[in-house]
Amino acid sequence: MYRLIALLIVTVAATCAAAEPTQFTVTLKDHRFVPAELIVPAGQKIKLIVDNQDASAEEFESYELNREKIVGANARIIVWIGPLKAGRYPFFGEFHADTAQGALIAE
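Take -9 as the starting number for the sequence shown in the numbering used here and just add one per residue.
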(Lines of atoms letter the chains of each structure in order from A and count residues from 1; the text may use other names and numbers.)
(Lines give C-alpha, C1' and ligand atoms only; values in the text may rest on other atoms or scores of the structure.)
Protein backbone atom coordinates (compact mmCIF):
# COMPACT_ATOMS: atom_id res chain seq x y z
CA MET A 1 0.00 0.00 0.00
CA TYR A 2 2.74 2.45 0.98
CA ARG A 3 4.68 1.63 -2.19
CA LEU A 4 1.61 2.39 -4.28
CA ILE A 5 1.17 5.77 -2.56
CA ALA A 6 4.87 6.56 -2.99
CA LEU A 7 4.68 5.64 -6.68
CA LEU A 8 1.61 7.81 -7.13
CA ILE A 9 3.34 10.79 -5.48
CA VAL A 10 6.44 10.39 -7.68
CA THR A 11 4.28 10.12 -10.81
CA VAL A 12 2.28 13.24 -9.98
CA ALA A 13 5.46 15.20 -9.15
CA ALA A 14 7.10 14.16 -12.42
CA THR A 15 4.02 15.13 -14.41
CA CYS A 16 3.90 18.56 -12.77
CA ALA A 17 7.62 19.13 -13.37
CA ALA A 18 7.26 18.24 -17.04
CA ALA A 19 4.35 20.63 -17.60
CA GLU A 20 4.91 23.29 -20.24
CA PRO A 21 5.49 26.80 -18.82
CA THR A 22 2.79 29.36 -19.44
CA GLN A 23 3.23 31.03 -22.83
CA PHE A 24 2.74 34.71 -23.66
CA THR A 25 3.21 36.65 -26.91
CA VAL A 26 4.31 40.23 -27.46
CA THR A 27 4.14 41.61 -30.99
CA LEU A 28 6.38 44.29 -32.49
CA LYS A 29 4.50 46.37 -35.04
CA ASP A 30 5.47 49.85 -36.23
CA HIS A 31 8.37 49.69 -33.74
CA ARG A 32 6.00 49.34 -30.75
CA PHE A 33 5.31 46.41 -28.44
CA VAL A 34 1.70 45.23 -28.40
CA PRO A 35 0.54 44.84 -25.72
CA ALA A 36 2.83 47.39 -24.07
CA GLU A 37 2.13 45.85 -20.66
CA LEU A 38 1.64 42.16 -20.08
CA ILE A 39 0.50 40.62 -16.80
CA VAL A 40 2.28 37.33 -16.04
CA PRO A 41 2.12 34.99 -13.04
CA ALA A 42 4.67 35.61 -10.30
CA GLY A 43 6.62 32.59 -9.14
CA GLN A 44 6.38 30.71 -12.44
CA LYS A 45 8.72 30.26 -15.37
CA ILE A 46 7.21 31.70 -18.55
CA LYS A 47 7.83 31.35 -22.26
CA LEU A 48 7.68 34.76 -23.95
CA ILE A 49 7.33 34.79 -27.72
CA VAL A 50 8.42 38.03 -29.35
CA ASP A 51 6.81 38.28 -32.81
CA ASN A 52 8.45 40.99 -34.93
CA GLN A 53 6.06 42.01 -37.71
CA ASP A 54 8.27 44.91 -38.82
CA ALA A 55 10.48 44.88 -41.91
CA SER A 56 13.57 45.58 -39.79
CA ALA A 57 15.28 43.74 -36.97
CA GLU A 58 14.89 44.73 -33.34
CA GLU A 59 16.62 43.81 -30.11
CA PHE A 60 14.51 42.74 -27.13
CA GLU A 61 16.35 44.04 -24.08
CA SER A 62 15.67 44.28 -20.37
CA TYR A 63 18.14 45.15 -17.65
CA GLU A 64 15.71 43.98 -14.95
CA LEU A 65 15.14 40.61 -16.65
CA ASN A 66 18.81 40.29 -17.66
CA ARG A 67 17.83 39.50 -21.25
CA GLU A 68 19.13 40.74 -24.60
CA LYS A 69 18.16 39.00 -27.82
CA ILE A 70 17.85 40.08 -31.46
CA VAL A 71 14.67 39.26 -33.34
CA GLY A 72 15.02 39.47 -37.11
CA ALA A 73 12.64 41.22 -39.47
CA ASN A 74 9.35 39.31 -39.76
CA ALA A 75 10.65 36.68 -37.33
CA ARG A 76 9.92 35.26 -33.89
CA ILE A 77 12.10 34.46 -30.91
CA ILE A 78 11.49 32.72 -27.60
CA VAL A 79 12.67 34.33 -24.37
CA TRP A 80 12.56 32.14 -21.24
CA ILE A 81 11.89 34.21 -18.13
CA GLY A 82 11.49 33.59 -14.43
CA PRO A 83 10.26 32.61 -12.10
CA LEU A 84 9.75 36.28 -11.22
CA LYS A 85 8.95 37.93 -7.93
CA ALA A 86 5.88 40.18 -7.97
CA GLY A 87 6.75 43.49 -9.59
CA ARG A 88 7.23 45.44 -12.79
CA TYR A 89 9.95 44.44 -15.27
CA PRO A 90 10.48 46.97 -18.10
CA PHE A 91 11.83 45.96 -21.51
CA PHE A 92 12.57 47.88 -24.70
CA GLY A 93 13.67 47.55 -28.30
CA GLU A 94 17.21 48.89 -28.39
CA PHE A 95 17.07 49.83 -32.09
CA HIS A 96 13.89 51.94 -31.60
CA ALA A 97 14.09 52.76 -27.89
CA ASP A 98 12.01 55.92 -28.33
CA THR A 99 8.89 53.92 -29.30
CA ALA A 100 9.52 50.24 -28.50
CA GLN A 101 8.80 50.22 -24.75
CA GLY A 102 7.00 47.63 -22.67
CA ALA A 103 6.81 45.87 -19.33
CA LEU A 104 5.99 42.54 -17.77
CA ILE A 105 3.96 42.86 -14.59
CA ALA A 106 4.30 39.81 -12.38
CA GLU A 107 1.36 39.27 -10.03
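Cβ atoms here follow ideal geometry from the backbone N, Cα and C, with glycine treated the same way.
| query | result |
| --- | --- |
| Which whole-angstrom value describes the C-beta separation of Ile67 and Lys75, a residue pair presumed to lie in contact below a C-beta threshold of 8 angstroms? | Not a contact, Cβ separation roughly 24 angstroms. |
| Can you give me the start and stop residues for the beta strand (DSSP E) that Asn64 sits inside? | Run containing Asn64: none; DSSP gives neither H nor E here. |
| Quick one: grab the DSSP three-state call for Thr89. | coil |
| Compute the distance between the beta-carbons of Glu98 and Glu84, then report whether it is under 8 angstroms. | Outside the modelled stretch of the chain, which goes from -9 to 97, sits residue 98, for which no answer is possible. |
| Please list, in chain order, all residues of the same chain as Ala65 whose beta carbon is under 7 angstroms from its beta carbon, the five residues on each side excluded. | Asn42 |
| CB-CB under 7 angstroms to Ile29, same chain, minus the five flanking residues each way: which ones, in chain order? | Ile95 and Glu97 |
| If you reduce the DSSP assignment to three classes, tell me which class Glu48 lands in. | strand |
| Locate the beta strand (DSSP E) running through Lys37, then write down its first and last residues. | Ile36 to Asn42 |
| When DSSP labels each residue in this structure, what does Glu97 get in the three-state scheme? | coil |
| Report the three-state DSSP secondary structure of Glu27 (helix, strand or coil). | strand |
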